[in-house]
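Only one structure is covered here, and it is reproduced in the block below.
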Amino acid sequence: MKVPYSWLRAYCDPGLSPEEIGSTLSMHSIELERISHQGAPADDGFVVGKVLSAEQHPNADRLRVCEVDTGDGGRTIVCGAPNVAAGQTVAVALPGAVMPDGTKLGKAKLRGVESNGMILSERELEIGEDHDGILVLADGAAPGTPLSEVFAVAEPVIELEPTSNRVDCFGIYGVARELHAVTGAELAPAPWEGDAEATGEGKVEDYASVTVEVPELCPRFSARVFTDVTIAPSPPLLKARLRAAGMRPINNVVDITNYVMLLTAQPLHAFDLDKVPGGEIIVRTAREGEKMTTLDGVERTFDTDAVLVCDREGPTGVAGIMGGQVSEVSDTTTRVLLEVATWDGVNILRTSRKLGLRSDASNRFEKQLHPEMALRAQRVASKLMVELCGAKLVPGTIDVTGEIPEAHRIRLRGERVKKVLGIEIPAADRAEYLRRLEFEVTEDGDDLEAVVPFHRHYDVTREADLVEEVGRIHGYAKHLPSTLPKIVQGGGLTRDQRLRRRAEDALRDLGYDLIVSLSLVDPGFAERLRIPQDDPRSRLIGITNPLSGDHSVLRTTLLAGLLDAARYNLAHGAPRVALAESGRAYLREGTPSDGTLGGTFPGDRKPPAYEPWRLAALASGPMPGGWRGEDAEPDFYVLKGALEALAAQLGCAVEVEAASEPFLHPGRAARVLVGGEPAGWIGEVHPLVCREWGLEAASAFEVDIAPLIAASPIGAEQYEDVITYPAVHQDIAVVVGEEVEAAAVAQAIRDGGGKLLRSVELFDLYRGEQLGEGRKSLALRLEFRATDRTLTDDEVAAVRERIKESLEGIGGSLRG
Amino acid sequence: MLERIEKLRQEASAAIAGASDAAALEEIRVRYLGRKSELTGILRGIADLDPAERGPVGSGANAARKELEAALDALAAELEAAELERELAEGAIDVTLPGAPQLPAAAQNLLIRTQREIEDVFAGLGFRVLEGPEVELDYYNFTALNHPPGHPARMEQDTFYVDPATLAPDVKIDGLAPGPEDVVLRTHTSPMQVRSMEVQEPPIMIVVPGRCYRSDPFDATHSPVFHQIEGLAVGEDITLADLKGTLDAFARAIFGPERETRFRPGFFPFTEPSTEVDVSCFRCGGSGVLPDGTRDPLCKGVGWIEILGSGMVDPNVFGFVREHGYDPDKVQGFAFGMGIERIAMLKHAIPDLRKFFENDVRVVRQFR
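In order, the protein sequences belong to chains D and E.
Heads up, the first sequence is in our numbering, so the first residue is 11 and it goes up one at a time.
Heads up, the second sequence is in our numbering, so the first residue is 453 and it goes up one at a time.
Rendered as structure tokens:
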């Protein structure tokens with residue numbers, strides 16, 4: 011909302027600079043966006059002049075040599091405008107004046123005649139487009155009068171950002187009212203006081219009729235008729251104000267509608283009555299697919315929610331958004347029908363969104379205006395129509411309206427203000443602030459009763475709203491104390507959250523950089539990962555109104571984001587990447603486990619999707635061997651080592667079993683198990699997937715964090731005596747068939763070892779001729795320990811014998 | 453005999469003094485102290501001597517033997533030490549070569565770190581940390597936050613709507629299949645206000661970090677995916693002044709001990725009064741001017757930087773959790789929400805929000 015400084019001060023002038031007004035409003039009322047500037051940098055050097063004579067230039071056909079009275083006697087000004095004539099009152103820039111475009115005016119010799127100033131056109135003043143001739147002012151202002159007394163030459167513009175609940179502040183008078191409330195400076199009477207005298211013939215019903223078929227969407231439709239309208243440019247004051255407020259002057263009638271809207275926040279629309287067949291206006295919803303060309307020259311198609319203002323022959327305007335071309339006011343217009351209506355804000359917003367068409371009018375209507383505002387704007391506009399267009403107002407106002415909502419009466423308890431804000435505001439101040447905001451206030455001891463003014467009807471409806479009004483005008487910045495809530499409740503992170511941090515830290519400390527990738531992704535990721543369509547990870551949750559296809563579905567795996575980041579970094583010169591992400595996947599279906607990280611969230615209503623928290627890591631590019639070793643591709647076992655270290659940091663163990671994933675190397679892929687239950691995958695990324703991302707090779711894993719945390723003993727550990735009865739260690743070598751997995755060997759050892767066997771750790775793998783074709787030897791370190799005695803050699807030998815028997819069950823034998 | 457012993461002793465001592473390696477020493481040991489050596493023979497033959505000679509010869513020979521043994525041991529130790537010295541000297545390495553390679557030290561990601569810092573500040577003030585779903589019901593994202601259908605503020609949020617056809621077939625909302633605007637990607641972390649009040653009676657103090665989504669195209673300060681942290685404190689006597697105190701403590705913990713906050717009026721449908729909160733600029737100290745006299749670009753010369761939106765929970769919001777113990781006439785409290793990226797950008801001079809999602813490790817590793 012652009013608020014020209016001089017226009018605002020016409021209604022409330024606290025004697026503050028534009029910057030001070032901006033910051034004062036920011037602290038109490040509406041946020042300041044910026045201060046901008048319209049017109050010349052300063053008023054200096056711009057004066058009213060009177061053309062005493064205009065003679066032909068001796069040496070130039072198209073120039074006139076004028077004698078101009080600028081209050082300090084006559085001066086000679088050479089002027090090129092065809093319309094300059096003796097007797098005119100004109101705008102003059104004296105030498106030294108700085109023009110809006112920044113040039114400083116000096117004395118100039120034009121074809122041998124010295125010109126001592128410049129007679130200005132509208133365009134030079136930046137108040138209009140007209141450059142063909144000079145701006146001729148109305149008579150009255152004495153020569154030498156500063157031009158700024160006629161209209162703003164140099165205009166600071168206070169650009170405010172009213173919030174959507176403050177439609178009143180989309181009008182200059184509303185902003186002036188706020189300024190008055192905040193500063194106490196006097197507020198000028200409202201512009202809608204008084205009305206134009208109706209001097210037209212007959213009565214309004216003789217000229218026009220209005221039928222509202224949808225009263226719920228059009229709470230009020232008022233119309234007035236003006237005859238004898240003379241279309242002309244608006245006077246400079248109006249043009250300057252419109253310009254500074256960001257609107258283009260067009261002609262006096264259109265300018266009046268814009269001007270009144272800018273002043274009151276109530277939009278208006280002028281019809282050329284002679285282009286409304288029969289003067290009949292019908293307000294109805296559109297028929298499906300109905301079309302109309304709006305004022306901007308675009309043909310629009312409507313659905314049945316859109317409200318149209320129609321004449322007998324069809325639509326002539328889109329209610330509350332934009333008029334149509336058929337009934338546009340033009341230079342030949344002599345009779346005007348002025349519509350000032352109230353529309354249903356929700357409907358206007360919906361229609362404007364659907365059409366992709368926003369206007370100054372829709373921006374105000376969508377915030378819901380009170381029907382009372384319509385008649386106020388009629389009065390302001392009528393006065394201007396008579397004054398500026400020489401129009402005659404036809405007696406009467408067509409006013410199709412339902413029940414006007416009654417003003418709210420709200421009680422404000424004194425203690426409530428203190429209780430909510432924690433600020434003591436004296437009762438008299440509370441009443442005063444509300445009165446300045448045009449509430450009708452009746453004091454009742456420490457309490458008061460307030461009647462809400464129409465312009466705040468939809469915003470202030472409860473005691474809490476009055477508390478805000480009183481509090482903000484009083485001022486938070488100056489008066490709000492700083493105290494802390496007196497609530498006793500254990501705060502902090504849950505165990506799950508603490509362990510998640512630990513897991514993230516573990517990944518980082520293992521050398522994996524944590525990334526944060528976008529969860530809204532391109533739906534093509536699933537196909538690029540070779541995930542079949544019937545896989546749950548291909549059943550993507552999509553949005554209906556994406557910004558672009560690149561961000562239109564939620565990810566179902568963290569892998570694609572890691573691959574993207576790997577590609578990015580490798581392409582930007584990184585020799586290798588080791589990356590990890592801690593975040594959610596988003597699936598249509600799944601069984602949440604306990605806790606937020608398992609996808610179970612607080613609240614009575616079940617969330618519509620399944621959002622488990624995942625940990626994922628990926629490495630690509632040679633892992634460093636340095637100056638004394640060989641670089642090595644990060645293969646399956648590198649990632650498995652990281653996964654095991656991560657699990658170990660959480661105090662739990664992971665197991666894997668060979669299992670394929672569409673995006674993994676078929677022979678180097680595994681399912682990750684925690685406590686025997688599937689919790690994710692690990693493997694070398696499929697060469698075709700690597701190729702898709704432009705990578706040579708990569709390995710990765712992705713696991714649900716909830717089962718890891720559920721399996722973690724952290725926090726619940728109990729002391730165990732491992733010192734009194736020390737462990738016995740034995741290394742064994744087991745020869746088995748090539749097809750037997752290490753996990754099966756370890757399991758057979760555990761089965762045979764019973765509870766005295768405390769750990770099994772594989773430390774070597776050997777293949778050689780003496781073992782025979784298709785055989786391999788695993789070297790394992792076993793730890794035996796009892797909690798209540800030192801184990802004897804005989805005991806250990808007996809266990810070892812049972813282990814041997816157990817291994818025979820899988821075709822294994824102890825070697826040596 | 454005694455002279456012979458003395459002679460042997462002198463001979464042996466000289467030989468020891470001249471020995472230069474372990475082999476020579478061993479040879480000397482065998483020659484003078486071995487089983488077949490003369491000195492050993494003398495000691496062995498003592499019994500055959502004249503009784504008067506036995507004493508002096510025995511002690512003389514023993515003394516010589518001990519002396520020689522000691523000299524041999526001393527020299528052996530000396531030679532061994534010299535040998536080790538030599539070996540160590542040969543084993544010297546170029547200590548200036550690089551260390552054995554590890555994966556380079558990785559970094560946490562500034563976004564995660566900042567989120568943790570903020571969580572910890574509020575945890576220290578007594579807030580619990582909760583998390584909520586991102587695919588959310590319109591009910592929690594809007595309706596229960598006092599955004600009635602058609603409310604302009606609802607439209608202002610630039611909501612992403614979830615296509616109901618892409619949800620599980622058994623998802624029902626009030627018993628019905630979801631409509632086109634019933635499920636959203638949450639536009640803020642505020643839906644957890646109502647979710648948390650449904651499961652915890654007052655008093656309650658929580659913060660909610662997490663991802664949010666809005667259909668804002670990417671630019672230097674916007675991303676369709678971003679992070680927020682929500683705060684909610686509700687009890688019988690929680691005031692706007694308590695919000696101020698809480699945010700002052702936050703501002704000081706994150707931006708430095710001298711910081712303070714400033715409240716301005718704002719508008720959010722789910723708070724009343726609503727307040728925008730600025731923090732005094734930590735670069736210029738609030739003056740708007742840098743030490744060199746130029747205008748501070750961070751706060752644009754204002755001395756204050758907007759960091760979050762907040763306010764007192766609107767009574768209408770309590771209306772949605774009345775049966776959970778939140779009678780709007782009896783309880784009151786505050787709520788706030790801030791962008792985590794914005795806090796990190798301000799604090800660490802990050803010029804563009806997109807940097808957080810680019811995942812360039814050269815950037816990631818600038819923040820440990």
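Note that the Cβ used here is the ideal one computed from N, Cα and C, for glycine as well.
DSSP lists D:Val319, D:Gly333 as the beta-bridge partner residues of Gly327 (chain D).
Sixteen is the threshold: since fewer than 16 other Cβ atoms of the shown chains lie within 10 Å of the Cβ of Thr342 (chain D), the residue is exposed.
For Thr452 (chain D) and Ile266 (chain D), the gap between their C-alpha atoms comes out near 38 angstroms. In this model, Glu583 (chain E) and Thr566 (chain E) are separated by some 16 angstroms (Cα to Cα). Comparing C-alpha distances from Gly307 (chain D) to each of D:Arg121, D:Gly334, D:Arg518, D:Phe281 shows the shortest one belongs to D:Gly334.
Proximity of Ile724 (chain D) to chain E, defined by a Cβ-Cβ separation below 7 angstroms, is not satisfied. Residues of chain D with a Cβ closer than 9 angstroms to the Cβ of Gln560 (chain E) are, in chain order, Glu514, Asp515, Arg518, Asp523, Leu524. Contact fails between the stretch 83-97 of chain D and the stretch 25-32 of chain D, because fewer than three Cβ pairs, one in each stretch, are under 8 angstroms apart. About 7 angstroms separates the CB atoms of Arg768 (chain D) and Ala737 (chain D); that is less than 8 angstroms, so the two are in contact.
When secondary structure is reduced to three states using DSSP, His67 (chain D) falls in the coil class, being assigned neither helix nor strand. Distance from the Cα of Gly740 (chain E) is smallest, within the candidate group E:Thr727, E:Pro725, E:Trp756, for E:Trp756.
Contact check between the stretch 563-573 of chain D and the stretch 588-597 of chain D: three or more CB pairs, one atom from each, fall below 8 angstroms, which counts as touching.
Taking the C-beta atoms as reference points, Glu490 (chain E) is found nearer than 7 angstroms to Leu460 (chain E). Taking a Cβ-Cβ cut-off of 7 angstroms, the neighbours of Gly578 (chain E) in chain D comprise Ile497, Gln499, Gly501, given in sequence order. According to DSSP, residue pairing for Leu775 (chain D) in a beta bridge involves D:Leu788.
Runs of the beta strand (DSSP E) lying entirely within the stretch 457-504 of chain D, each at least 3 residues long, are 457-461 in chain order.
Identification of chain D residues near Lys518 (chain E) by a Cβ-Cβ cut-off of 7 angstroms yields none; the smallest Cβ-Cβ distance measures about 44 angstroms. Inter-residue distance for Gly762 (chain D) and Leu817 (chain D) is about 8 angstroms (C-alpha atoms, whole angstroms).
Out of D:Leu130, D:Gly210, D:Asp321, D:Tyr468, the CA that lies nearest to the CA of Thr344 (chain D) is found in D:Gly210. Distance check between Leu597 (chain D) and each of D:Asn579, D:Tyr578, D:Trp623, D:Thr566 places D:Thr566 closest, using alpha-carbon atoms only. Here Lys696 (chain E) is buried. Its C-beta has 16 or more other C-beta atoms within 10 Å.
Residue contact check for Val815 (chain E) against chain D: no CB pair falls below 7 angstroms. Of the other Cβ atoms in all chains shown, 16 or more fall within 10 Å of the Cβ of Tyr778 (chain E); this residue is therefore buried. Less than 7 angstroms separates the beta-carbon of Leu660 (chain D) from that of Leu718 (chain D).
Looking at the backbone, the Cα of Ile625 (chain E) and that of Asp590 (chain E) are separated by about 10 angstroms.
By the neighbour-count criterion, in which a residue is buried when 16 or more other Cβ atoms sit within 10 angstroms of its Cβ, Phe809 (chain E) is buried. Residue pairing of Lys114 (chain D) in beta bridges, as defined by DSSP: D:Val108. The beta carbon of Gly481 (chain D) lies closer than 6 angstroms to those of Leu431 in the same chain, with the five residues before and after it left out. For the stretch 698-726 of chain D, the set of positions with a beta-carbon nearer than 8 angstroms to some beta-carbon of chain E is empty. In the DSSP assignment, Gly184 (chain D) falls within the unbroken alpha helix (DSSP H) covering 182-193. The three-state reading of DSSP puts Ala467 (chain E) in helix, counting H, G and I together. In this structure, the alpha-carbon of Pro153 (chain D) lies about 12 angstroms from that of Val160 (chain D). Interface flag for Ile690 (chain E) against chain D is set, since a Cβ pair is found closer than 7 angstroms. Chain order gives the chain E residues near Asn579 (chain D) as Asp812, Val813, where near means a beta carbon separation below 7 angstroms.
Comparing alpha carbon positions, the residue from E:Tyr484, E:Phe819, E:Asp615 closest to Pro556 (chain D) is E:Asp615. The alpha-carbon separation between Lys814 (chain D) and Val744 (chain D) amounts to approximately 9 angstroms.
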